[in-house]
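Data block below; observations after.
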Amino acid sequence: MILVFIEHKNCVLNKTSLEAITAAQSIGKDLRLPVSAVIPCDKDCALAHEIAGYDLEKVIVAKNEKLATYTPDAYADAWTEVIKATSPQYVVMAHTYQVRDFAPKVAARLGREVVGDCIRYRAEPPASAGGRSELVLTRRMFLGKLDADVTSGGEAPYFVTFQSGAFRGDNAAKGSSAVETMDVHVGDVRMTPEEPFQEAKASVDLTRSNIIVAIGRGIKSQENIALAQQLATALGADLAASRPICDADWLPIDRQIGSSGQTVAPKLYIALGISGAIQHIVGMKNSGTIVAINKDAEAPIFDIADYGIVGDLFEAVPVMIEEVKKAKS
Amino acid sequence: MKQVANKDAVLRISSDEKWINQSDVALQTNESDGYALEEALRLKEAKGDGEVVVCSLGPQSAKTVIKDALARGADRGIHIGVDDSYKLSPFQIASTIADAIRDEKADLIFAGLQSDDASYGQTGVILAEQLGIPHATIVIEVDRTSLNESLRIKRELESGWYQWFTYKLPALLTIQSGISQIRYASLKGIMAAKKKEIRDVTPTVADFPSAQKVEKVYLPLKMKQTQMLGDGDAKKGAAELVEKLKTEVRVI
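Listed in order, the protein sequences are those of chains A and B. Numbers 2 to 330, taken from the working numbering, label the letters of the first sequence in order. Numbers 181 to 432, taken from the working numbering, label the letters of the second sequence in order.
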């Protein structure tokens, strides 16, 4: 079978777990293996029934009072026991910060390692050929400059984590599954957690941004930056700029993208009124998806854009803000 | 600390298609490993006592990383010589390092979060497990004043969330890039480094049947064709764009 990890905080689901369910269901289909979900929790997790609404064999709540708050030691103990009790072929997880923290520990304890941060997989030979297939997983290397096809060696279980966005959470097949509680043993926990907290976003390291809204000369005045900021806020994005904007002191220098600024590769880069001089392009060309909005249809930024709008950004951006808010509500 | 290809290097895929031609790229210290060293040095300075030992596994060229660390202030080095170290899986790397440093009985082990080449992101965690000590990953702040039998550290969670943990020592921390400002090696440091000891370890790397195997590396498949939206109508284009961001780019 395949085990899929359900991540949560105080029984509130981390939505990337739905992506992991989709991934596990897809692999399960290709390898003809049933999928069960695992939720570590200190109680009869309130989330279990929500997860039981997906097409799974069962939902296993791994229960121990020490699992109330995440710690790598407690999670590793719980997972080790669940794996030993269920002997899965694959353990599938979303490549979250929490998973990066504990999954390699569990794998190592069982004499395995993690094929991590995968962006896709294929079954070889293909499932349609019948017979037994194994997974060829693709992961990024060299800061995204190269892709690598990777296979797992040795015997099961194989640990796989998928990058956020590699699968769609809303594609997880619905169904009805049984909920089972497994009381697990947790030994000495050698770290004491405090309450998680949120820090006010002060100066941002744009290299770690997921989404960037960048402005160029086309923004026209410092007052208009507020509009771009509204779009950034709606998208949960960071605001950045091309050199002229920072030279004019409309935004601080740490927001500058390009050869004299930062080099970034977010999942989504939205260029508003940026023509796309090479000095700017080198700083953002490796972004996952590039959107360009510019009045000039000949602007070089369109050469590297995945989506382009030729037109007035002051018409486009307010509509975008509204539509994004609608989509998110 | 690991030696990796320079960030801006032009990469050429090796003829067996399993790695890059490492011989024709400039090499550098892995970014987050540099921050790990810096954090170790700062902690030692705050305590006013102790020793920072830098360890690198890799071919002869990896000694450059060690020498640079010694010039920045590390006290001595351990070089675990493995020629084709890129062929090792993270479990093998961690186990080999564990064997080489176990007798050092370090109070704290600092490692980078992940390497900028293979990006396995687990060597530190496996190393901690091999040594039987607790670990924390993605550490973004170390409360140096808290150092005692334990240490208080701040972990980065997602979406701007953070969390403090207190760890009993010994422990292993993997450090996030940007945690502090990395110092330069001074001329004095460079001179002093020449007298510092580097212990050479020639390991026997055990086979590891469960190793993940790189079958093939290649340029990411990129078929960039710009979809023009709105047909000259910016408002219509904007609405279409948000729909695409939702259904195709999947960021909303």
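Cβ atoms here follow ideal geometry from the backbone N, Cα and C, with glycine treated the same way. Since the model is a prediction, treat every value here as computed from it, not as a measurement.
Glutamate 321 of chain B is not a Cβ neighbour of lysine 348 of chain B, given a cutoff of 8 Å.
Taking tyrosine 91 of chain A as reference, the option from A:Ala128, A:Ser37, A:Gly132 with the minimal CA-CA separation is A:Ser37.
Boundaries of the beta strand (DSSP E) harbouring tyrosine 347 of chain B: 341-348, taken from the DSSP string.
Residue-level contact by beta carbon holds for tyrosine 347 of chain B and chain A, with a gap shorter than 8 Å. For aspartate 45 of chain A, same chain residues with a beta-carbon under 8 Å away, outside a window of 5 residues either side, are Val62, Lys64, Thr182 in chain order. Taking CB atoms only, lysine 268 of chain A has a neighbour in chain B less than 8 Å away. For glutamate 225 of chain B, the uninterrupted alpha helix (DSSP H) run begins and ends at 211-227, by DSSP.
According to DSSP, residue pairing for serine 37 of chain A in a beta bridge involves A:Leu4.
Apart from sequence neighbours up to five positions away, the residues of its chain that approach alanine 229 of chain A with a beta-carbon distance below 8 Å are Val214, Ile216, Ile220, Leu240, Leu273, Val318, ordered along the chain. Against chain A, the CB of threonine 317 of chain B has a partner CB under 8 Å away; the residue lies at that interface. Contact check for alanine 391 of chain B and serine 269 of chain B: beta-carbon distance about 4 Å, within the 8 Å limit, so the pair qualifies. Exclusion of the five residues before and after glycine 230 of chain B leaves Lys224 as the residues of its chain whose Cβ lies within less than 7 Å of its Cβ.
Comparing alpha carbon positions, the residue from A:Gly131, A:Ala86, A:Ser222, A:Ala278 closest to histidine 186 of chain A is A:Ala86. Interface with chain B (8 Å Cβ-Cβ cutoff): glycine 155 of chain A is included. The C-alpha of arginine 110 of chain A is placed about 25 Å away from the C-alpha of lysine 59 of chain A. Here proline 89 of chain A is near proline 158 of chain A, since their CB atoms are less than 8 Å apart. Within the segment 223-257 of chain B, no residue places its CB atom closer than 7 Å to a CB of chain A. Taking every protein chain shown into account, the CB of histidine 96 of chain A has 16 or more other CB atoms within 10 angstroms, so this residue is buried. For alanine 104 of chain A, the CB contacts under 7 Å within the same chain, skipping 5 residues up- and downstream, are Met94, Val115, Phe160, Thr162 in chain order. When secondary structure is reduced to three states using DSSP, alanine 241 of chain A falls in the strand class. Non-local C-beta neighbours of proline 239 of chain B in its own chain, meaning closer than 6 Å and more than five positions away in sequence, comprise Asp263, ordered along the chain. Distance between glycine 289 of chain A and isoleucine 258 of chain A, taken at the CA atoms: about 16 Å. Contact between arginine 324 of chain B and arginine 252 of chain B fails: their C-beta atoms lie close to 18 Å from each other, not under 8 Å. Annotation: the segment 257-296 of chain A contains the following complete segments of the alpha helix (DSSP H) (minimum length 4 residues), in chain order: 279-282. Within a 10 Å sphere around the beta-carbon of leucine 399 of chain B sit fewer than 16 other beta-carbons, which makes this residue exposed.
Here aspartate 150 of chain A is buried. Its C-beta has 16 or more other C-beta atoms within 10 Å.
A direct Cα-to-Cα measurement between serine 194 of chain B and serine 165 of chain A gives close to 29 Å. The shortest C-alpha to C-alpha distance from lysine 106 of chain A to any of B:Tyr266, B:Ser299, B:Gln272, B:Val305 is the one to B:Val305. At a cut-off of 8 Å between beta-carbon atoms, valine 115 of chain A makes contact with chain B. One finds Glu395 in chain B with Cβ atoms closer than 7 Å to the Cβ of valine 137 of chain A, taken in chain order. Glutamate 377 of chain B and serine 210 of chain A have their C-alpha atoms some 41 Å from each other. With the criterion set as a beta carbon lying under 9 Å from some beta carbon of chain B, the members of the segment 301-319 of chain A are Phe303, Asp304, Ile305, Ala306, Asp307, Tyr308, Gly309, Ile310, Val311, Gly312, Asp313, Leu314, Phe315, Glu316, Ala317, Val318, Pro319, in sequence order. Within chain B, the residues whose beta carbon sits less than 7 Å from that of aspartate 74 of chain A are Pro314, listed in sequence order. Counting along the chain, the unbroken beta strand (DSSP E) around leucine 138 of chain A starts and ends at 135-142.
With 16 or more other Cβ atoms from the protein chains shown falling within 10 Å of its own Cβ, isoleucine 246 of chain B counts as buried. Isoleucine 432 of chain B has a beta carbon lying within less than 8 Å of a beta carbon in chain A.
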